[in-house]
Amino acid sequence: MYLASDLRKGLKLEFNGEPYIIVDFEFKKPGKGQSLYKCKLKNMITGSQFERTFRSSDKFEKADLEEQDMEYLYADKTSYCFMNSNTYDQVFLTKDILGDTVDLLKENTVCTVLLFNANPIGVTLPNFINLEVTMAEPWAKGDTATGSTKPAKLETGFEVQVPPFIEEGQVVKIDTRTRLYVERVNA
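Using this note's numbering, the first residue of the sequence shown is number 313, and each one after it goes up by one.
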């Protein structure tokens, strides 16, 4: 159980039966009366946000959140299958839950699955992932302008800007947080 005095940015709590994270927080102490805690809350399932002011006497439940490392196995027409490597339990997530992580999701990648009341609500990819380039324009020798890039399509279908020397069939490292090219990987 959290008290209003425990509220701070980044705290995860249960409010109206759903998990929320505090994305902005402001404390106000008026001259008379109770302290006020103005919070901007983000729903961890739907992503919707709203502002709410709480009094110092308000109490909150701790969100029943759990993170598990799971391996992405495959996708079918409606869902994506993840398996816990220890218990072999499988969970199926929809594209709505995965969001834009689908663009960088490669089979056999170990991801962190966030569970609320034992139901999956989100996936975090590893910070870096290696993907093969499936389509890239050829490099013209002498085209050495500093900072020049070209588009390349990766094995997952994601398109990223890469240096001109990257060719089809090569493997590149992508930062999943920024979704940008990091370096070429020697296979």
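We put the beta carbon where it would ideally sit given N, CA and C, even for glycine.
Presumed contact (8 Å Cβ cut-off) between residue i and residue j, rounded CB distance
| i | j | result |
| --- | --- | --- |
| Tyr384 | Glu419 | 6 Å |
| Phe339 | Lys321 | About 11 Å; that fails the 8 Å criterion. |
| Phe372 | Tyr349 | The Cβ separation is near 11 Å, so there is no contact. |
| Thr490 | Pro438 | The Cβ separation is near 14 Å, so there is no contact. |
Residues near residue i in its chain [Cβ-Cβ closer than 6 Å; skip 5 each side]
| i | result |
| --- | --- |
| Lys354 | Ile333, Val335 and Gln361 |
| Ser347 | Lys341 and Ser368 |
| Pro432 | Val403, Leu405 and Val425 |
| Lys485 | Phe440, Asn442, Val494, Glu495 and Val497 |
| Val435 | Leu410, Thr413, Cys423 and Val425 |
| Trp451 | Pro476 and Phe477 |
Outcome for residue i when other beta-carbon atoms lying within 10 angstroms are tallied against a minimum of 16
| i | result |
| --- | --- |
| Gly481 | exposed |
| Gly345 | exposed |
| Tyr386 | exposed |
| Met313 | exposed |
| Leu319 | buried |
| Leu315 | exposed |
Per-residue DSSP class, three states only, for residue i
| i | result |
| --- | --- |
| Ile357 | coil |
| Asp381 | strand |
| Lys407 | helix |
| Asp318 | helix |
| Asp412 | helix |
| Ile333 | strand |
| Gln346 | coil |
| Pro450 | coil |
Residues sharing a beta bridge with residue i, DSSP
| i | result |
| --- | --- |
| Leu417 | DSSP lists no partner for Leu417. |
| Gln473 | Pro463 |
| Leu427 | Glu378 and Pro432 |
| Thr365 | Lys350 |
| Ile441 | Ile486 |
CB contact check: residue i to chain D, cutoff 8 Å
| i | result |
| --- | --- |
| Leu466 | You won't find chain D in this structure, because it holds only one protein chain. |
Proximal residues to residue i (C-beta, below 7 Å), its chain only, five neighbours per side dropped
| i | result |
| --- | --- |
| Arg364 | Cys351 and Leu353 |
| Val414 | Lys407 |
| Ala375 | Lys324, Leu325, Glu326, Pro331 and Phe428 |
| Phe470 | Asp415 and Leu416 |
Same chain only: Cβ atoms within 8 Å of residue i, ignoring 5 sequence neighbours per side
| i | result |
| --- | --- |
| Met447 | Ala464, Lys465 and Glu480 |
| Thr390 | Thr406 |
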